[in-house]
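Going by UniProt numbering, the first residue of the sequence shown is number 1, and it counts up by one from there.
One structure is given here, and the rest of the page talks about it.
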Amino acid sequence: MIAVETVFQKLLAAHGEQFWWPAESDFEMLIGAILVQNTNWSNVEKALAGLEAELNPEAIREMPTEELALKIRPSGYYNQKALKIKAFVAWQGEWEDDIHAIRQQPLAKLRAELLNIKGIGPETADCMLAYAFRKPVMVIDAYSRRLFARIGYEVPKKYEAFQQMLETGLPDDLLILQEFHALIVEHCKQYCQKTPKCLACPLKRECKQYI
Numbered sequence: 001m002i003a004v005e006t007v008f009q010k011l012l013a014a015h016g017e018q019f020w021w022p023a024e025s026d027f028e029m030l031i032g033a034i035l036v037q038n039t040n041w042s043n044v045e046k047a048l049a050g051l052e053a054e055l056n057p058e059a060i061r062e063m064p065t066e067e068l069a070l071k072i073r074p075s076g077y078y079n080q081k082a083l084k085i086k087a088f089v090a091w092q093g094e095w096e097d098d099i100h101a102i103r104q105q106p107l108a109k110l111r112a113e114l115l116n117i118k119g120i121g122p123e124t125a126d127c128m129l130a131y132a133f134r135k136p137v138m139v140i141d142a143y144s145r146r147l148f149a150r151i152g153y154e155v156p157k158k159y160e161a162f163q164q165m166l167e168t169g170l171p172d173d174l175l176i177l178q179e180f181h182a183l184i185v186e187h188c189k190q191y192c193q194k195t196p197k198c199l200a201c202p203l204k205r206e207c208k209q210y211i
């Protein structure tokens, strides 16, 4: 079976560096991680554009929840997401919005705090940890599950078990973990779709589905 690190190297050769996360600031990335739940990035961009100059923690804390929901409506599930964003900025306010101070916290402690925020699950928390708080974690999503199942891995159902499996096969390097997540997303959008495009896929020789 193809090694995890070899999958990374093949995807990097095929797609090049992705330079993720697509955001202009750490706070935009953090809010985007909530907005992207159950939707695609183009809808997130529309929602972020609706916030415009108010895309900062102070403004969002002061904004009525109903107004916030209307501004992020393009992202879908906007009422629930408004509550999640409110809960997150309240937590960040406990740190006086000091991203640098938050980054100094141990990974396990910080992840536990994020998961304790209403509406923040493992995937959202790990996106925040990897891209905004600069912690070396591998983000697990539906794309990574699909890809590794198709190339012959027995993918654990539990999020943390699959995460550990991938992290064990990779260097403990933030940039590699960020890049691998981004490459998997790009690869699954281009080739490993629900109905895969196997003939042109750079992993077709290793893929059980293609064989």
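Built from N, CA and C at the ideal position, the CB exists for glycine as well.
In this text, all values refer to a predicted model and were calculated from it rather than measured experimentally.
Which value, in whole angstroms, describes the spacing of the CA atoms of residue i and residue j?
i	j	result
I176	L170	8 angstroms
Y143	Q193	9 angstroms
L147	E62	42 angstroms
E123	L199	31 angstroms
I151	I60	43 angstroms
E58	E28	13 angstroms
F8	E206	13 angstroms
L48	L55	8 angstroms
K46	N40	11 angstroms
V155	A112	24 angstroms
N116	E160	16 angstroms
I184	W95	33 angstroms
G76	V44	9 angstroms
Q104	L114	15 angstroms
Q18	F88	27 angstroms
L174	A130	7 angstroms
K204	L110	39 angstroms
C188	T168	22 angstroms
Use the C-beta contact count for residue i: other C-beta atoms within 10 angstroms, 16 or more gives buried, fewer gives exposed.
i	result
D172	exposed
D98	exposed
K158	exposed
K135	buried
A3	exposed
L107	exposed
M1	exposed
Using CA coordinates, which residue listed in the options is at the minimum distance from residue i?
i	options	result
V137	L166, G119 and L115	L166
Q37	I184, F8, S25 and P74	P74
E186	L199, W20 and L30	W20
A182	M1, A14 and A3	A14
E52	V139, R150, N40 and L68	L68
Q190	E5, L11 and A3	L11
G119	A108, A90 and A101	A90
A23	A161, I31 and Q104	I31
Q164	D126, E179 and P196	D126
Q178	I140, A101 and I34	I140
G16	K208, A149 and F180	F180
M128	S42, T168 and I102	I102
Q80	K197, P196, C188 and L35	L35
Once the 5 residues before and after residue i are set aside, which same chain residues still bring their CB inside 7 angstroms of it?
i	result
T65	A82, L83 and K86
Y78	A69 and I72
G93	P57 and R61
Less than 6 angstroms between C-beta atoms, sequence neighbours within five positions excluded: which residues of the same chain meet that for residue i?
i	result
D26	I99 and A132
C201	Y191
Does the beta carbon of residue i come closer than 9 angstroms to any beta carbon on chain B?
i	result
R111	Among the protein chains of the structure shown there is no chain B, as only one such chain exists.
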